[in-house]
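Asker: Sequences listed follow chains P and V, in order.
Take the first sequence: its position 50, counting from 1, is numbered 50 in the numbering used here, and each next residue is one higher.
Take the second sequence: its position 103, counting from 1, is numbered 103 in the numbering used here, and each next residue is one higher.
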Amino acid sequence: MRIAALDTSTLLGSVALFDHEVLVAEDSRRVSNAHGEALLPMLQGLFARTGWSPRDIDRWAVGIGPGSFTGIRIGVATAQGIALATGAELVGVNSLETLAEGLEDTTVISLLSALRGEVFVSVRHEGAVVVPPSCWSLDELTARLEGFGPAVAVGEIARSVDWGGRHLHVELRTEPPHDLPRASNLGRLAFNRLASPWLEPLYVSAPHLTRPAAKVLVR
Amino acid sequence: MLVLGIETSCDETGAAVVSSDGTVLSDVVESQVALHAEWGGVVPELASRDHLRNTGPVVREALAKAGLRLDQVDAIAVTCRPGLVGALLVGVQTAKGIAWGAGKPLVGVDHLVGHLVSVFLRREGETTQEGLGFPYVGLLVSGGHTALYRVEGPCADQIHELGATRDDAAGEAFDKVAKVLGLAYPGGPRIDRLASEGDPLRVKLVPPMARRGSLEFSFSGIKTEVARRVASGGVPQGDALCDLCASFQSAVTGVLAKKLFEAVERERMDRVVLGGGVSANRELRRRVEELGRQKGIATLVPSLASATDNAAMIAYAGIKRLERGEVDGGDLVATSETVLEQLTRKGRGRRGSSPHAFSVPRRTE
Ligand SMILES: Nc1ncnc2c1ncn2[C@@H]1O[C@H](COP(=O)(O)OP(=O)(O)O)[C@@H](O)[C@H]1O
């Protein structure tokens, strides 16, 4: 089975190709909010390098968040368009899970930045998800995790958390591929997943629609 | 040439298949009106989420209705501007994915260009309208735009703005006045219906910016005037409601028709074309046709399905770009601004027109 993986849920644009669980090629770049312009050229570059064509791909593995709403939609829309054209399968993968992939530690805290100084977080303990994807402030994060045993934290935002303030014993693993969700990690997770006919983003935090100051278009 | 068009610029997810001669093989529109109704306007984040859910199914339905497989279409056209960037992005990225996956060319289309050439579409049972061709003066009147153009051909660089609204679009004025009068969204068609039973002379409203010589419009004043009347005298009922609708509609369509023909005179054209949802308005059509007859000017109005937001007009405008050998790459971007040159300065000193006017959101009670 040939898998193409992509993640655009953070400022990192990341694409990778796998042939039977073997990573064949990868490209990851900090593209900030320019995923719309960057994603397809990155894919085209990777396919040119390997000599593959879109029709060679059996399955598209896509980061469905949590993360930037717009970024996630760019990845999902692109993959859905490709799958519509080629008939490939789709698999959605949680970006917090992608960050923690490959670590065997007992307790892993996955973190990604959200808007307004908040973070997306999930915690895995002995292979089970004990904190499902959530969106918390940094204070809330350390307060809620107080008392957690020694843990490993992934995601580069973990460096900005004041773990010591609550006497949390946390070891940071924020170097690649655990800095931001990378397609090389994501693709590995996608081999044994069930495919779905379409992808629904994992938005987690509610959109801020009710604020009277929010800019809303009224016709 | 057969082209698949995709449209997600505002609150309609559309996909259509159109051939080079304007024949519409299929045209699917999934409206979000109900989704946004409780907010009293289009909420961008909700619009983007809904487009993402609907684009795939709508494209599949358009292909199925046309009786075609994707490999039987020659290219993909997609609205890339102007509009809500988050909403546009869903269509643009889906289109890029489809085009790359299927090995087909991709072209981005300006939504306003689509509206201005929608009269060339031929749907089942429709024949080509007599006198159709270039050049013409185009009046684009929709919920988000109101402007006059000199249209020399079907591509963006052949379209020149002559004047536009300085504030609200005409459709927006219809919708806002309808809201003040307690009528459901979208209010244009409702006002149209009520006005047909009213007397436009019984309520006196100042015609909006009817100053001769300028081809610019302004519709926010008349909207405020109606709101002031309602605030002091309450919402009129029965005949009085019909009379007020008739006055409002008469003032708005009067100035639209008048400036359209001023533009025709100034540009020495012999043809006018309407586009956008408000061109469905019966009084506007009647006035334009009547003036056209008097002055010997051909008047061409698209059918209702072609006038309101749809992907068939996007496919058609895309065909015209493709015929010139133009294509876009995987780096095509979604942009909130039109590519058409703009002359009219909008209120608040900002140059350029937004896809829809901004205002503070209010939940409708
Ligand atoms: N019969 C009518 N009379 C006046 N306005 C109308 C009529 N039918 C539709 N409209 C208006 O047309 C607008 C929708 O047109 P459309 O071209 O779909 O807008 P947009 O491209 O801005 O979304 C709405 O503002 C609606 O009220």
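Backbone N, C-alpha and C define an ideal beta-carbon position, used for all residues, glycine too.
Since the model is a prediction, treat every value here as computed from it, not as a measurement.
Between which two residues does the beta strand (DSSP E) carrying V/C80 extend?
Answerer: A75 to R81
Asker: Taking a contact to mean a Cβ-Cβ separation below 8 Å, would you say V/V90 touches P/R73 in this structure?
Answerer: Contact: yes.
Asker: Considering only residues of the same chain and omitting the five flanking positions on each side of V/A75, which have a CB-CB separation below 6 Å?
Answerer: V3, K104, P105 and L322
Asker: In chain P, which residues lie with their C-beta within 7 Å of the C-beta of V/I98?
Answerer: G81, L84 and A85
Asker: Give me the DSSP bridge partner(s) of V/V28.
Answerer: V/A15
Asker: Run through chain V and tell me which residues come within less than 7 Å of P/I74, C-beta to C-beta.
Answerer: L89 and Q93
Asker: Mind checking if V/E45 is an interface residue toward chain P, Cβ cutoff 8 Å exclusive?
Answerer: yes
Asker: Got a sec: does ligand 1 put a non-hydrogen atom nearer than 7 Å to the Cβ of V/H145?
Answerer: yes
Asker: Kindly list, in the order they appear in chain P, the residues whose Cβ is closer than 9 Å to that of V/T146.
Answerer: For V/T146, there are no neighbours in chain P by C-beta distance under 9 Å, as the nearest C-beta there is about 12 Å away.
Asker: Going by DSSP in three states, V/R289 sits in which element: helix, strand or coil?
Answerer: Position check: residue 289 of chain V holds Glu in this sequence, whereas Arg was assumed. In the structure shown, the three-state DSSP call for V/E289 is helix.
Asker: Using three-state DSSP, classify V/T335 as helix, strand or coil.
Answerer: Of the three classes helix, strand and coil, the one that applies to V/T335 here is coil, per DSSP.
Asker: So, with DSSP's three-state summary, where would you put V/Y316?
Answerer: helix
Asker: Mind the definition here: the stretch 170–190 of chain V touches the stretch 291–301 of chain V only if three or more C-beta pairs lie below 8 Å; say whether that holds.
Answerer: no
Asker: Decide if P/A143 is buried, meaning its Cβ has at least 16 other Cβ atoms within 10 Å, or exposed.
Answerer: exposed
Asker: Shorter than 8 Å from the beta carbon of V/A334 to some beta carbon of chain P?
Answerer: yes
Asker: In chain order, what residues of the same chain have a beta carbon less than 6 Å from the beta carbon of V/E366, not counting five sequence neighbours either side?
Answerer: Not covered by the structure: residue 366 of chain V. The range shown for chain V is 1 to 365.
Asker: Name, please, each residue of chain P whose Cβ falls closer than 9 Å to the Cβ of V/D328.
Answerer: Near V/D328 there are no residues of chain P at all, since even the closest Cβ is about 11 Å away, more than 9 Å.
Asker: Only counting runs of 4 or more residues, tell me where the alpha helix (DSSP H) segments fall wholly within the stretch 225–305 of chain V, in order along the chain.
Answerer: 238–267 and 282–295
Asker: Quick one: is P/W198 near chain V, going by C-beta distance under 8 Å?
Answerer: yes
Asker: Using the Cα positions of P/T303 and V/D331, report the straight-line distance between them to the nearest angstrom.
Answerer: Past the boundaries of the shown model lies residue 303 of chain P; chain P is included only from 1 to 219, so the question cannot be answered.
Asker: For P/P95 and V/I98, I'd like the C-alpha separation in whole angstroms.
Answerer: A small fix is needed here, since residue 95 of chain P is Ser in this sequence, not Pro. So the alpha carbons of these two residues sit roughly 24 Å apart.
Asker: If you draw a straight line from the C-alpha of V/E130 to the C-alpha of V/R122, how long is it?
Answerer: 13 Å
Asker: Should P/V91 go down as buried or exposed, given a rule of 16 or more other Cβ atoms within 10 Å for buried?
Answerer: buried
Asker: Between V/D328 and V/V177, is the Cβ-Cβ spacing less than 8 Å?
Answerer: Contact flag unset, no.
Asker: I want to see whether chain V comes within less than 8 Å of P/F69, judged by CB atoms only; does it?
Answerer: yes
Asker: Would you say V/D331 reaches chain P, if we count a Cβ-Cβ gap shorter than 8 Å as a contact?
Answerer: yes
Asker: Using the beta-carbon of each residue, which ones in chain V are nearer than 8 Å to P/P177?
Answerer: In chain order: nothing, as chain V lies at least about 25 Å away.
Asker: What number of angstroms, rounded off, separates the C-alpha of P/S205 from the C-alpha of V/E337?
Answerer: 29 Å
Asker: Considering only heavy atoms of ligand 1, does any lie closer than 7 Å to the CB of P/I72?
Answerer: no
Asker: Taking just the CA atoms, how far does P/F18 sit from V/G101?
Answerer: 18 Å
Asker: With 8 Å set as the bound, which would you pick, yes or no: does the beta-carbon of P/P133 sit closer than that to a beta-carbon of chain B?
Answerer: Of the protein chains in this structure, namely P and V, none is chain B.
Asker: Taking 8 Å as the cut-off, decide whether the C-beta atoms of P/A5 and P/L186 are in contact.
Answerer: yes
Asker: Given that P/P66 touches chain V, what residues does it touch there, using C-beta distances under 8 Å?
Answerer: Going along chain V, no residue has its Cβ under 8 Å from P/P66, so there is no contact; the nearest lies around 14 Å.
Asker: For V/D27, verify whether its CB is less than 7 Å away from any heavy atom of ligand 1.
Answerer: no
Asker: Could you work out which residue in V/S218, V/R293, V/D11 and V/L52 is closest to V/L256 when comparing CA atoms only?
Answerer: V/S218
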